[in-house]
Structures are given as structure tokens and as C-alpha cells.
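Per our numbering, the sequence shown starts with residue 21, numbered consecutively.
For every residue, glycine included, the Cβ atom is placed at its ideal position computed from N, Cα and C.
Just so you know, these numbers come straight off a predicted model, no measurement behind them.
Okay, so here's the structure we're looking at.
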Amino acid sequence: MRRVILFILLFSLIIVSGCNEEKSAIPKHGASMYDDLSINLKKSTKTIDLFIDSGNLQIYCWDKKVIKLEAKHTIRDNKTNEELEEMLKKYTITSEEKDNTLFFKVEYDGKIKNPQDIYTDIKLTVPKQINTLNISHQYGSIIVRDRFEGDITADLDYVNSEIKAFKGQLIYECDNGNLRVNSGKLSNQSYVDINSGNIYIKAQCQEKSKYFFKTKTGNIDLHFPIDSGIKLNSTGTVNNNQFAENGGDIEIEAISKMGKISLNGY
């Protein structure tokens, strides 16, 4: 009888303990903090160099001589509101203007275990006097919303990118993510190298030019004006080539180790 009573008491203590743990458990929720930064640019400043550790970047262009950065920092975790507010204080935005370049950094001074739980939504509006964008981005996405005329250099880790309209040279390296360019004109020696992801390009080319597109795992889908004089040098499976009979002085090198290559006219 004593054993039964002891067992019942022990079982009751376990249930009470479990209930207390359930009451103290905090479901995952989020907290946000906003940052705004406006800088009057010198006439000599033509380049923006931007570093982002985790976030979603949207780029706009305007006629003002001011660069504006609007940021919404977000953290999601199983912590109290007070603890989340302390974590938000680890975000910093720094800027420095030197050698005709404006340097921006948006980063979190802590460990990012899951980029979906620690990230920044960024709206960057740049003057049209800017003719070079250098972007280093670890996790997230990039969308260039307005037509950008200038050169873009991107060094990315896990990032999907979309460029709505673009005129200039594109130097693009990414470990994992898709790239889409919807319209524009690519300058000579534009270069795209992705480890895992798809490449979609719809643009004009310069005459007497060379372009390089490579993905180890993914498809390459290229669209150029139908009257372009294009010569394709390919490594991988070519699904379609509408310029096979054209020949010309525009040389396209396309490499896809695990995917298909398509070259289409529009």
C-alpha cells in the first residue's frame, strides 16, 4: 500500500512539474526596431559599398543628391520582450565616406543561427549620380526596383537577386541563389558565377563583346534581341539555341554542369 501511495505522490509531482514548465515556456515571437539614415553626398562620390549580414535589400533611384537608408531590424526567438529588446540593441548601421566611395554596413553583433529569425528589411534609395554599386550580402534577397545605370559588383552567399532594369557591367558571384535580370543592356565582360542556382537574363549586348555565365547546379536561360550576332560556347546540355546559325562578334560562354542551357531571341 505504501508503494502505491509513494508512486501516486511521485506521479503527481511529475505532472505538476510538467505543468509549471509549460506555463514558463515562451512561444517564439518577434520584435522590431527601426533605423533611418540620410546622407548628403559630395559631388565626387560615385560609388556605394554595402555590406549586409542577413536581410532583404530593395534598391531605388532618384534625382536628389541624398542617399537614404531605411531599415527595419527583426528578431524572433523564445525569449521575453525585454530580452528581445536587448538583442535588438546589437544591430548597428555604420557609414563612412572616403576616396569617392560611401561605405555602409548593416550587421548584427551576435550569432545568427537562423537568418529567418534575425534579419533586416532595407530600403536603399540612391542618387542617379551613383555609377557603381558594390554589394556583399550573406543571407537574404536583393531587388533593384528602379532602372540602374552603372556597374554592379555582387559577392553573395545565400541570396536570391532580381534586377528589374539595368545598364552597365555586372560582376556577380553567389554561392547559393537565383539571379534574374528582366531588362537592360549588359556591358562587355559581364560575368555571372553561381555555385547552386538558376540564371535568367533578358538584355541587350554590346557589339564585339564577351560574356560569361556559369552555374554548377541550375539552368541558364538567356534572352537577347533576335538580330544579335551571337556565338555560343557552351559546356553542358543545350536545350535551345536560336542563334545557332547567326554567328557574330558577341561571344557568350555558358557553363552548366547539372542543368540546361537555353539561348532565345526576342
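- Task: Grab the span of the beta strand (DSSP E) containing residue 101 for me, first residue to last.
- Result: Premise fails: residue 101 lies in the alpha helix (DSSP H), 101 to 108, not in any beta strand (DSSP E).
- Item | Reduced DSSP category for residue 65 - H, G, I as helix; E, B as strand; rest coil | In the structure shown, residue 65 sits in coil (DSSP, three-state: anything other than H, G, I, E or B).
- Message: Tell me the rounded alpha-carbon separation between residue 211 and residue 189.
- Response: Between the alpha carbons of residue 211 and residue 189 lies a distance of about 8 Å.
- Report the partner residues of residue 213 according to the DSSP bridge assignment. Answer is 193, 234.
- Query: Between residue 88 and residue 79, what straight-line distance do the alpha-carbon atoms span, to the nearest angstrom?
  - Reply: Their backbone Cα atoms lie some 10 Å apart in a straight line.
- Query: If you draw a straight line from the alpha carbon of residue 112 to that of residue 187, how long is it in whole angstroms?
  - Reply: Between the alpha carbons of residue 112 and residue 187 lies a gap of roughly 32 Å.
- Own chain, CB closer than 6 Å to residue 216, minus 5 neighbours either side, in chain order: Within its own chain, the residues whose Cβ lies closer than 6 Å to the Cβ of residue 216, once the five positions on either side in sequence are excluded, are 196, 237, listed in chain order.
- For residue 172 and residue 6, the rounded distance between their alpha carbons: Look at the range of the chain in this structure, 21 to 286, and you will see that residue 6 is not part of it.
- Item | Touching by the beta-carbon criterion (3+ pairs, under 8 Å), the region 146 to 158 and the region 67 to 74 | The region 146 to 158 vs the region 67 to 74: in contact.
- Task: Could you give the DSSP three-state label for residue 186: helix, strand or coil?
- Result: Correct three-state label for residue 186: strand.
- DSSP-derived helix/strand/coil call for residue 208: For residue 208, the three-state secondary structure derived from DSSP is coil.
- Message: Relative to the C-alpha of residue 259, which candidate in 265, 276, 268 has its C-alpha closest?
- Response: The shortest Cα separation from residue 259 among 265, 276, 268 belongs to 276.
- Message: Checking 7 Å against the spacing of the C-beta atoms, do residue 247 and residue 234 come in under that value?
- Response: In this structure, residue 234 does not lie closer than 7 Å to residue 247 by Cβ.
- Query: Given 8 Å as the limit, is there contact between the region 219 to 231 and the region 199 to 211, that is, 3 or more CB pairs closer than that?
  - Reply: Yes: the two stretches touch, three or more of their Cβ pairs being nearer than 8 Å.
- What residue range is occupied by the uninterrupted beta strand (DSSP E) comprising residue 51? Bounds of the beta strand (DSSP E) holding residue 51 are 49 to 60.
- What number of angstroms, rounded off, separates the C-alpha of residue 158 from the C-alpha of residue 142? Roughly 14 Å between the two C-alpha positions.
- Task: Express the C-alpha separation of residue 256 and residue 99 in angstroms, rounding to a whole number.
- Result: One Cα belongs to residue 99, the other to residue 256, and the distance between them is close to 50 Å.
- Between the C-alpha atoms of residue 281 and residue 168, what's the straight-line distance to the nearest angstrom? Note on geometry: alpha-carbon atoms of residue 281 and residue 168 lie some 27 Å from one another.
- Message: Measuring alpha carbon to alpha carbon, tell me which residue in 269, 204, 284 is nearest residue 263.
- Response: Proximity to residue 263 across 269, 204, 284 peaks at 284, based on C-alpha coordinates.
- Message: Taking a contact to mean a Cβ-Cβ separation below 7 Å, would you say residue 272 touches residue 250 in this structure?
- Response: In this structure, residue 272 sits near residue 250, with a CB-CB distance shorter than 7 Å.
- Taking Cβ positions, are residue 161 and residue 76 nearer each other than 7 Å? Between residue 161 and residue 76, the C-beta spacing is below 7 Å.
- What is the DSSP secondary structure of residue 259, reduced to helix, strand or coil? Taken through DSSP and simplified to helix, strand or coil, residue 259 comes out as strand.
- Task: Grab me the residues of residue 224's own chain with a C-beta within less than 8 Å of its C-beta, minus the 5 sequence neighbours each way, in chain order.
- Result: The residues 204, 205, 206, 244, 245, 248, in chain order, have a CB closer than 8 Å to that of residue 224 in the same chain once the five nearest residues on each side in sequence are set aside.
- Whole-number beta carbon distance between residue 94 and residue 58, since they are thought to touch under 8 Å: The pair is not a contact, with the Cβ atoms about 22 Å apart (cut-off 8 Å).
- Task: Report yes if the C-beta distance between residue 146 and residue 194 is below 7 Å; otherwise report no.
- Result: Residue 194 sits away from residue 146, with the two beta carbons spaced by 7 Å or more.
- Could you give the residue range of the beta strand (DSSP E) that holds residue 287? As shown, the chain starts at 21 and ends at 286. That puts residue 287 outside it, with no answer to give.
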